[in-house]
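Visitor: Take a look at this one; I'll ask things after.
Number of protein chains: 2
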Amino acid sequence: MANAPQAVMNHKQDEDLIRDFHHIWHPCTQMKDHAEVPPLLVDRAEGVYLYDREDNRYLDVISSWWVNLFGHNHPRINQSIKDQLDKMAHVMFAGVTHQPAIDLAEKLVNASSPQLTKVFFSDNGSTAVEVALKMSLQYWLQTEKPKKTKFIYLKDSYHGETLGALSVCGINLFREKFEQVLPQNLEVQGPDCMRCPFGLKRESCQAECFEPMEQALVTNRNTVAAVILEPLVQGAAGMKMYPPVYLKKLEEACKATETHVIYDEVAVGFGRTGSVFVSEHHGLNPTFVCLSKGITSGYLPLAATLTTEEIYQAFYDEYESFKLFIHSHSYSANPLACAAGNVTLDLLAEAGFMENLKPKIESMREQGDILRDLPWCGEFRQSGMIAAVELVQNQKTLEPFPIEQRVGYQVFLEGLKREMYLRPLGNVVYFIPPLVIEPDQIKTMMNAAYESISAVLKGI
Amino acid sequence: MANAPQAVMNHKQDEDLIRDFHHIWHPCTQMKDHAEVPPLLVDRAEGVYLYDREDNRYLDVISSWWVNLFGHNHPRINQSIKDQLDKMAHVMFAGVTHQPAIDLAEKLVNASSPQLTKVFFSDNGSTAVEVALKMSLQYWLQTEKPKKTKFIYLKDSYHGETLGALSVCGINLFREKFEQVLPQNLEVQGPDCMRCPFGLKRESCQAECFEPMEQALVTNRNTVAAVILEPLVQGAAGMKMYPPVYLKKLEEACKATETHVIYDEVAVGFGRTGSVFVSEHHGLNPTFVCLSKGITSGYLPLAATLTTEEIYQAFYDEYESFKLFIHSHSYSANPLACAAGNVTLDLLAEAGFMENLKPKIESMREQGDILRDLPWCGEFRQSGMIAAVELVQNQKTLEPFPIEQRVGYQVFLEGLKREMYLRPLGNVVYFIPPLVIEPDQIKTMMNAAYESISAVLKGI
């Protein structure tokens, strides 16, 4: 075992960590935590590992916030970025186009649900969502249904943190400080399979929990523009998982009530659940799909909002109609990011790649047994290459640990001692490793998680 | 002269342009325009020039949406990205840090106003603004002034297009389709120097137009969190320029009313006005500064929100207080983008670089004389390396051309024939070239603009 904690605790002597502390405000971080435990100063990365300056390594269990697919420092991705860099790093994307974007758009269209034909590029998941929301609003305005201005979102959903994206976020922790300024939308209770109020199982239910959504759609059909949700896995909620039948019901209800369907595949797209896109794999028919994170294999910021010909045509007219979609970001379709995106889609499409995930997914399931045996395991759940164990105080009542106890944060610290970069969501310890992780690494990862959780909870 | 229009019009034969038309929805573009004139398919770029596949070149007059500083394919920037790529393209920025971000944060802090000590990274100008708005709101919530939830913005301002950023945008064209869902803020009439209602001159006025802002601040002091504005140049409004005295008055009034000041230097920062940052150069004291565009010399998406120790300390507490700032983007502080950012700040700081801009700025002024002589010149205005000519129907009344006439778009098409990639804003033809442009290129650029404008307006 590497002497990780020693390396981590040496910060008083490490000038760079002191400079970090003086100048950087890290995202989603109580900076006072770093007065005790500084951030991990990562120097280089290779495959599934991050390395600090003392060459201690850490398995990137959560793919650097769910972005990395093929490991760090991948020769083909690196080369594609370098080749593009020698031609052109960037050019504006209004009035101009370029080969990397054209190729990537075509690959995205080919890999996604058949009715999705148009690609609008932006920079991150939040902007991909904002674009979908705005396109939906403007579509209804330009098709004589201007009252359709509200969005329905699920409790526990996450779609980004710019104010528009945050207005369809169903996790109070993210919203509460900004509630007064958020656009008002409609929150609906969605699936909660671990604590299913009907006492049913994901594998066999018929989404009996769909009722509130059905009601909301019927009642508000004249004012609702779209429903937005994360298909199959609600990531930030703690990798909450629900079955595709919910989505089938949703699409029927949305069709009946003339409501757009926005799937936020920012987290679940690009192979994570065992298929390239959830919506394509399950034969779904979204109006919009939002993509980011894995789109560049975790190398560069890029996002895309895919939509249908019908949406596009509502904006396509003489200039004087002013029906155009006025939205832009300076670095839209950045050629370097598109180059990485092209290799990403190529690697996912290569013969055998998706097939070869199956034994890994099976390995995640098998090795996860050790976590199922923990006396604090409320549920071990899995969707393809995403797995999670939700820790509870009481296995019978599923009573959670109080958030103030910071069980997850302590597991994170124990993980570092065991060469793991875990970052639990509340009391959910989860695994969303690079897709190239090998079975022996999966085993090591699950065992280290078991040890880390035990080390924290044995004393409680 | 290159045969640009021929190259542009060949699209029916160019398979890639057909693929573009089938799959891509370009930003801020009426896609039907491309049925007539396809986008320029740019293949490579070098220095101040973009090249198509037939090796026709186009001067990048607007620096690819105001991002490029040192020319395309700059050897030092390219090398820095390649070197970083060989170590690590990306790693998450929560719980982790890395040298490129630490170095860049320190350089930004050193180059900006003295009281700005903390850097929060994100991906684009919109997110940099959303972060500032959210930090301001949360600051007041956590310092017992929870009613301070409104923002004041200027008429004609632009701060991005995610819904939060759009809610402080003062240009109707960007807002009107989304008005129903935008958070409600306060628009104030700001400077309008070309049509000064007091009949004064920028060079000698005392910002007599400050009165409405003063009133708005005093009247709403209990509900206003911050004022946001673009210092000196309102970019998207058509490079509207106003003197720094307005900002001095603003800061006094904000201090008196306990209101934050947010300067959006996304467009004006990084040398554009002849200084690295407007706020630092003029001795201003903002609470927040938003940066993007030039931060990577126009190579990769990156943004930063800088703020003060006072703001930071209102969030710095025990975890259990839940005072942390909960906002994140997966690619925050992307190491490749930070590597480009570090070279950017180094190049700007090199001995003589800012000094050497002076003769170029003078050349822009001198060569701009030809545009001043146009019978349609309402005003030729300049702030450092940014210049603009606002075209009017009547020089005495300053009556604008109707927007439907698309004078600017026609000038754009004429520009292409003359090896220029211009992209006017409405009827404002503007110049914001890479800072490395040479005097002879400035002369060519201004002459080509003169010819393009004349070609369009002679017949009207």
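Those protein sequences? They're chains H and R, same order as listed.
197 is the number that numbering that gives the first Met the number 0 gives to position 198 of the first sequence; each next residue is one higher, with no gaps.
189 is the number that numbering that gives the first Met the number 0 gives to position 190 of the second sequence; each next residue is one higher, with no gaps.
Just so you know, even glycine gets a beta-carbon here, dropped at the ideal spot from N, CA and C.
Roughly how many angstroms separate the alpha carbons of R:Val217 and R:Thr148, rounded to a whole number?
Guide: 15 Å
Visitor: Run through the DSSP bridge pairs and tell me what R:Asn109 is partnered with.
Guide: Note: R:Asn109 sits in no beta bridge, so no partner.
Visitor: Can you list the residues of chain R that H:Val391 reaches, using a CB-CB cut of under 9 Å?
Guide: Under the 9 Å cutoff, chain R gives no residues; its nearest Cβ is about 21 Å from H:Val391.
Visitor: Looking at H:Ile360: is its Cβ nearer than 8 Å to the Cβ of H:Asn446?
Guide: No; because the gap between Cβ atoms is not below 8 Å, this pair is not in contact.
Visitor: Using DSSP with H/G/I as helix, E/B as strand and the rest coil, what is R:Ala206?
Guide: coil
Visitor: According to DSSP, is H:Asn393 part of a helix, a strand, or is it coil?
Guide: strand
Visitor: Is it true that the region 293–301 of chain H meets the region 61–77 of chain H, where meeting means three or more beta-carbon pairs spaced less than 8 Å apart?
Guide: Result yes; three or more Cβ-Cβ pairs closer than 8 Å.
Visitor: Spell out whether any CB of chain R is found under 8 Å from the CB atom of H:Arg220.
Guide: Cβ-Cβ to chain R under 8 Å: no for H:Arg220.
Visitor: Return the chain-ordered list of same chain residues with a C-beta closer than 7 Å to the C-beta of R:Tyr48, the five sequence neighbours on each side being excluded.
Guide: Arg56, Tyr57, Leu58, Asp59
Visitor: If you follow the beta strand (DSSP E) that R:His259 is part of, which residue opens it and which one closes it?
Guide: 259–263
Visitor: Below 7 Å on C-beta distance, what does H:Arg18 contact in chain R?
Guide: Ile101, Glu105
Visitor: For R:Ser451, which option in R:Asp191, R:Met419, R:Asp439 has the closest C-alpha, if you only look at C-alpha atoms?
Guide: R:Met419
Visitor: Could you give the first and the last residue of the continuous beta strand (DSSP E) run that contains H:Gly377?
Guide: 376–382
Visitor: State the Cα-Cα distance for the pair H:Pro438 and H:Asn72, rounded to the nearest angstrom.
Guide: Cα to Cα, the separation comes out at about 20 Å.
Visitor: Are the Cβ atoms of H:Pro242 and H:Val260 separated by less than 8 Å?
Guide: no
Visitor: What residues in the region 72–91 of chain H have a beta carbon less than 8 Å from any beta carbon of chain R?
Guide: Asn72, Ile76, Asn77, Ile80, Lys81, Leu84, Asp85, Lys86, Met87, Ala88, His89, Val90, Met91
Visitor: Please list the terminal residues of the continuous alpha helix (DSSP H) segment that includes R:Leu246.
Guide: 244–255
Visitor: Which runs of the beta strand (DSSP E), 3 residues or longer, sit entirely within the region 280–313 of chain H?
Guide: Qualifying beta strand (DSSP E) stretches, in chain order: 287–290, 302–307.
Visitor: Using beta-carbon positions only, say whether H:Phe269 and H:Leu347 come within less than 8 Å of one another.
Guide: yes
Visitor: Please compile the residues from chain R whose C-beta is within a distance smaller than 7 Å of the C-beta of H:Trp64.
Guide: H:Trp64 reaches chain R at Met91, Ser329, counting residues in chain order whose Cβ is nearer than 7 Å.
Visitor: Using the Cβ count rule (16 or more neighbours within 10 Å means buried), how would you classify H:Arg52?
Guide: exposed
Visitor: Under 8 Å, CB to CB, which of the residues in the region 171–186 of chain R have a partner in chain H?
Guide: Leu172, Phe173, Lys176, Phe177, Gln179, Val180, Leu181, Pro182
Visitor: Let me make sure I understand the geometry here. Which of H:Lys144, H:Glu403, H:Gln83, H:Ala225 has the alpha-carbon closest to that of R:Tyr318?
Guide: H:Glu403
Visitor: Using beta-carbon positions only, say whether H:Lys146 and H:Thr258 come within less than 8 Å of one another.
Guide: no
Visitor: Considering only residues of the same chain and omitting the five flanking positions on each side of R:Ala164, which have a CB-CB separation below 7 Å?
Guide: Ser125, Val128, Glu129, His158
Visitor: By a C-beta neighbour count over all protein chains shown, 10 Å radius and 16 as the cutoff for buried, is H:Ala448 buried or exposed?
Guide: buried
Visitor: Quick one: Cα of R:Met30 to Cα of H:Gln29, how far?
Guide: Between the alpha carbons of R:Met30 and H:Gln29 lies a gap of roughly 45 Å.
Visitor: Assuming R:Glu389 and R:Met193 make a contact with CB atoms under 8 Å, what is their CB distance in whole Å?
Guide: 6 Å
Visitor: Select from H:Gln179, H:Lys154, H:Val267 the residue whose C-alpha is nearest the C-alpha of H:Cys168.
Guide: H:Lys154
Visitor: Look at the alpha carbon of R:Ala100 and the alpha carbon of R:Ser112, and state the distance between them as a whole number of angstroms.
Guide: Using only the alpha carbons, I get a separation of about 19 Å.
Visitor: Cβ closer than 9 Å: which chain R residues qualify as neighbours of H:Val118?
Guide: His22, Ile23, Trp24
Visitor: What residues in its chain sit with their C-beta under 6 Å from that of H:Met212, if we drop five residues either side in the sequence?
Guide: Val187
Visitor: Could you confirm whether any beta carbon from chain R is found closer than 8 Å to the beta carbon of H:Asp122?
Guide: yes
Visitor: Give the DSSP-derived three-state secondary structure of H:Glu517 in the structure shown.
Guide: This structure does not reach residue 517 of chain H, given that chain H is present from 0 up to 459, and the question cannot be answered.
Visitor: Using a Cβ-Cβ cutoff of 9 Å, what residues of the region 315–327 of chain R are near chain H? List them in chain order.
Guide: If the cut-off is 9 Å between Cβ atoms, the region 315–327 of chain R has Tyr315, Asp316, Glu317, Tyr318, Glu319, Ser320, Phe321, Lys322, Leu323, Phe324, Ile325, His326, Ser327 near chain H.
Visitor: With distances taken between CB atoms, is the gap from R:Leu117 to H:His22 smaller than 8 Å?
Guide: Per the sequence presented here, residue 117 of chain R reads as Lys, with Leu not at that position. Yes, they are a contact pair.
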